[in-house]
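Below is one structure, written out as structure tokens; comments come after it.
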Amino acid sequence: MKMNYRKSLKFLVLLVSAILIATVSATVYDYMYLNANVGVQGMSLAWVSGADATSAGTEISGVTASLNTLKGPPNGTRIYRDPVRVNNTGASTVTFNLTISTVSGDTSYLDSIYVRLYNYTDDVSIQNMTVWSSGAQGSDLAGLQLPANNMWRFQWEITWKSTATTSHSVAVNLKIQVPV
Amino acid sequence: MKTRYVILTVALLLCLGYLAVSVLGTVSDFMYLYSNSSYETPLVVLEDGSDQISTVYADGTSAKIAIDATGVSSTYNFSLNVVDYNASLWEVTLEHFSYTDLSLVNVSVILHSNSTLSDQITVSGGNINQTGNYYNLTSNSTIHLGVTDLVENSVVGTTVLQTHLRIRVPNTTTYTLYIITFEFTCT
Chain E
1 MKMNYRKSLK FLVLLVSAIL IATVSATVYD YMYLNANVGV QGMSLAWVSG ADATSAGTEI
61 SGVTASLNTL KGPPNGTRIY RDPVRVNNTG ASTVTFNLTI STVSGDTSYL DSIYVRLYNY
121 TDDVSIQNMT VWSSGAQGSD LAGLQLPANN MWRFQWEITW KSTATTSHSV AVNLKIQVPV
Chain W
1001 MKTRYVILTV ALLLCLGYLA VSVLGTVSDF MYLYSNSSYE TPLVVLEDGS DQISTVYADG
1061 TSAKIAIDAT GVSSTYNFSL NVVDYNASLW EVTLEHFSYT DLSLVNVSVI LHSNSTLSDQ
1121 ITVSGGNINQ TGNYYNLTSN STIHLGVTDL VENSVVGTTV LQTHLRIRVP NTTTYTLYII
1181 TFEFTCT
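Same order as they appear, the protein sequences are chains E and W.
Quick note on numbering: my numbering labels position 84 of the first sequence as 84, and the sequence is numbered without any gaps.
One gets my numbering by counting positions in the second sequence from 1 and adding 1000 to each.
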């Protein structure tokens, strides 16, 4: 069999060229740039432990507060008057929403959970949040306005049904959303 | 042709505006409040008193006291027992939260331990007063709820008085509420 070297060489050059073109094409990008300076902006709202922090098992870590040991008897109401507060250390009023993220656990044995907001200084009622009542999750609170250098306490009220037993518990996650 | 360009431009501007609002509206700071609530076996319970005029409901955390009032003043010193089965000191007080037809009777409600007593609620002439005084419930002890000086005011009907027994650990603001209902019937 006679080989045509000239043709083969041409084919080889063509093949290498094709590979080079394909490779270069595949690695050609367009670039856009987004440069941002991310600074640390201090939130003017902060959690503060209240007078009932011990009995409620209050723990605060940055923007998260946890009430770890809330309890209640069946068919009676346990009230934690001052387990945790939110403090506005800023120079202007902060408007925020208080939302119910989740209510989970043995909710069928739970009669109700209410969270009532009071001004810590003069004890004036701000607003009440129904977290759980009549077998359903309650509603969010929108447009709450905490004035500068003011503090609100979060009063928790828990009522278990008479059918509840020692194995039952409920977890509630609330969220404060401060539009920037 | 010119109209088409205008419509297209307006549509683009609307889209841009919507996108801008959407982006700006979702910028927020967040704080979180987590809680875990669990059942607690009642540390203080209500029990029937020796006067046998009470009904204690499930778990001993609520009760009703029903008495027929007459024109002769009567007293029931052992209407209901409040029992502490634990080695804990509590303070208790009685506070009303609703009532009907108060003018039908005059009556006083007290807490006592046989040796000391604390006035709690008085109904007289259609008015109601509560002292708000706390009374000590010491560890593993029993105190009594008494109904004293009950007299009807010559009118047929029933006075219903709804109260909370407030139970707290001394010097704290964590407390428990038990509902105690009084029914005074005038015949």
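Beta carbons: idealized from backbone N, C-alpha and C, even for Gly.
These numbers come from a predicted model, not from an experiment.
The Cβ atoms of S101 (chain E) and L174 (chain E) sit closer than 8 Å to each other. For T54 (chain E), the uninterrupted alpha helix (DSSP H) run begins and ends at 53–56, by DSSP. Contact between the segment 1118–1131 of chain W and the segment 40–55 of chain E is absent, with fewer than three C-beta pairs closer than 8 Å.
In the structure shown, V124 (chain E) adopts coil according to DSSP, grouped into three states. Within the segment 58–80 of chain E, those residues whose Cβ lies closer than 8 Å to any Cβ of chain W are, in chain order, V63, T64, A65, S66, L67, N68, T69, L70, K71, G72, P73, P74, N75, G76, T77, R78, I79, Y80. At a cut-off of 8 Å, the C-beta of L14 (chain E) has no neighbouring C-beta in chain W. Put simply, of E:R78, E:P83, E:L70, E:S108 the residue whose alpha carbon is nearest the alpha carbon of Y120 (chain E) is E:P83. A distance below 7 Å between beta-carbons, with the five flanking residues on each side excluded, links A164 (chain E) to the following residues of its chain, in chain order: P74, Y109.
The beta carbon of G1126 (chain W) sits closer than 7 Å to the beta carbons of L1102, S1103 from its chain, once the five residues preceding and following it are set aside; these are given in chain order. Pairing L1177 (chain W) with T69 (chain E) gives a Cβ-Cβ distance that is not under 8 Å. Fewer than three Cβ pairs drawn from the segment 87–104 of chain E and the segment 1046–1064 of chain W lie within less than 8 Å of each other, which leaves the two stretches out of contact. One Cα belongs to V48 (chain E), the other to Y1032 (chain W), and the distance between them is close to 13 Å. Counting of Cβ neighbours within 10 angstroms places L1094 (chain W) among the buried residues, the total reaching 16 or more. Residue contact check for F1030 (chain W) against chain E: a CB pair falls below 8 Å. The C-beta of V1082 (chain W) comes no closer than 8 Å to any C-beta of chain E. Using a Cβ distance threshold of 8 Å, S112 (chain E) and T54 (chain E) do not count as a contacting pair.
The beta carbon of D1119 (chain W) sits closer than 6 Å to the beta carbons of I1110, T1131 from its chain, once the five residues preceding and following it are set aside; these are given in chain order. In this model, S1141 (chain W) and T95 (chain E) are separated by some 50 Å (Cα to Cα).
Of all residues in the segment 156–167 of chain E, only W156, I158, W160, S162, A164, T165, T166, S167 come within less than 8 Å of chain W when Cβ atoms are compared, listed by chain position.
Straight across, the Cα-Cα distance linking G135 (chain E) with T107 (chain E) is about 7 Å.
Residue burial is scored here from C-beta neighbours: P1042 (chain W) has at least 16 other C-beta atoms within 10 angstroms and is therefore classed as buried. At a cut-off of 8 Å between beta carbons, Y1057 (chain W) contacts chain E. Residues of chain W whose Cβ lies closer than 8 Å to the Cβ of D122 (chain E) do not exist; the shortest such Cβ separation is about 16 Å. DSSP places S167 (chain E) outside any beta strand (DSSP E), giving it a letter other than H or E. Between Y1175 (chain W) and the set E:K10, E:K71, E:S167, E:G50, the nearest pair of CA atoms involves E:K71.
The beta carbon of L141 (chain E) is closer than 6 Å to those of L98, Q127, M129 in its chain, skipping five residues each way along the sequence.
Residue pairing from DSSP leaves N1086 (chain W) without any beta-bridge partner. The Cβ-Cβ distance between V1044 (chain W) and V1082 (chain W) falls below 8 Å. Within 8 Å of the CB of V178 (chain E), the CB atoms of chain W belong to S1028, D1029, F1030, M1031, in sequence order along the chain. For chain E, the residues of the segment 1166–1177 of chain W that bring a beta carbon within less than 7 Å of one of its beta carbons are T1172, T1173, T1174, Y1175, T1176, L1177, in chain order.
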